[in-house]
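Okay, structure first, notes after.
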Amino acid sequence: MSAEPKIGLLVPLHAKPEQVGAVADFLNVGYSLMTGNQEPETLQWFAVKYQDQPVYAIFDTFAAESGRKAHIDGKVADALRANASTLLAQGPDIAGGHIDILASKVKPTGSESDVKKGLTCGLRVLLKAKPSKVDDVRAFLKSAVPLVEAEQETPLWYAIEFPGTNVFGIIDFFATSDGLDLHLNGEVAKALFSKVDELLEAPPDVVKTEVLGVTLQ
């Protein structure tokens with residue numbers, strides 16, 4: 049991986065009940081628009097579906113603001129805006145999806161020709177820090193990198209912050225459900241849940257995801 053992700057976008061897509069399959073088809077088209085180095089400043093791009101919900105999401109990362117701006121002005125975002133009223137129950141909140149990436153682990157998956165790059169599932173975890181504990185949550189997430197590096201079945205992991213809020217998150221991806229389960233029962237999860245009462249306003253909001261498409265620079 050040639051550059052370290054510093055910022056990103058996490059944009060949930062709430063499908064109309066009758067358009068759930070159509071949103072998946074749209075994201076497959078989005079994947080085709082991301083291939084072939086069409087957006088050289090988009091480091092990683094993921095299309096996922098939230099488990100047991102009519103909700104999809106696009107998560108992507110960039111080394112600099114120029115890459116995020118190019119993506120927002122690019123073909124995928126244009127197509128999303130053009131089709132949002134037909135496919136989605138509410139418009140995509142692109143502005144609200146701006147994130148800072150506090151730390152990451154990005155390892156080659158060895159499946160570069162596969163649409164999903166060998167990944168099948170993931171997690172979207174949101175953390176709402178107590179106002180007095182924002183700095184502590186940020187420091188905790190940054191400190192978790194060595195623990196994640198030790199998890200051989202966790203190839204991609206991101207600690208994120210929604211700037212200007214007290215909301216943080218973890219986004220990660222796995223080749224198998226066994227890898228996901230190992231992570232949920234691993235040292236990072238144990239450390240996080242041991243600090244819930246001290247650091248967070250509420251328990252972590254954990255959603256399992258199905259990977260639909262991935263591009264990795």
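Read left to right, the sequence shown gives residues 49 to 265 (this note's numbering). C-beta: ideal position from N, C-alpha, C; glycine also. Values in this document were obtained by computation on a predicted structure and should not be read as measured data.
Given this structure, state the Cα-to-Cα distance separating residue i from residue j, to the nearest angstrom.
{"i": "residue 84", "j": "residue 190", "result": "33 angstroms"}
{"i": "residue 178", "j": "residue 248", "result": "5 angstroms"}
{"i": "residue 238", "j": "residue 130", "result": "43 angstroms"}
{"i": "residue 194", "j": "residue 213", "result": "26 angstroms"}
{"i": "residue 323", "j": "residue 125", "result": "No answer is possible for residue 323: the residues shown for the chain start at 49 and end at 265."}
{"i": "residue 165", "j": "residue 263", "result": "7 angstroms"}
{"i": "residue 77", "j": "residue 172", "result": "23 angstroms"}
Tell me the DSSP bridge mates of residue i?
{"i": "residue 261", "result": "95"}
{"i": "residue 206", "result": "152, 219"}
{"i": "residue 60", "result": "105"}
{"i": "residue 177", "result": "248"}
{"i": "residue 171", "result": "220, 256"}
{"i": "residue 90", "result": "110"}
Tell me whether residue i is buried or exposed, calling it buried when 16 or more other Cβ atoms sit within 10 Å of its Cβ.
{"i": "residue 209", "result": "buried"}
{"i": "residue 226", "result": "exposed"}
{"i": "residue 49", "result": "Residue placement at residue 49 cannot be trusted, given a pLDDT of 46 that sits under 50; what the coordinates show is reported in the next sentence. Residue 49 comes out exposed."}
{"i": "residue 198", "result": "exposed"}
{"i": "residue 117", "result": "exposed"}
Please list the segments of the alpha helix (DSSP H) lying wholly inside the stretch 92 to 159, counting only runs of 4 or more residues, in order along the chain. 113 to 120, 123 to 135
Any contact between the stretch 191 to 206 and the stretch 154 to 164? By contact I mean 3 or more CB pairs, one from each, below 8 angstroms. yes
Three or more C-beta pairs closer than 8 angstroms, one from the stretch 138 to 145 and one from the stretch 78 to 98: is that the case here? no
Does the stretch 69 to 76 touch the stretch 217 to 232, meaning 3 or more C-beta pairs lie closer than 8 angstroms? no
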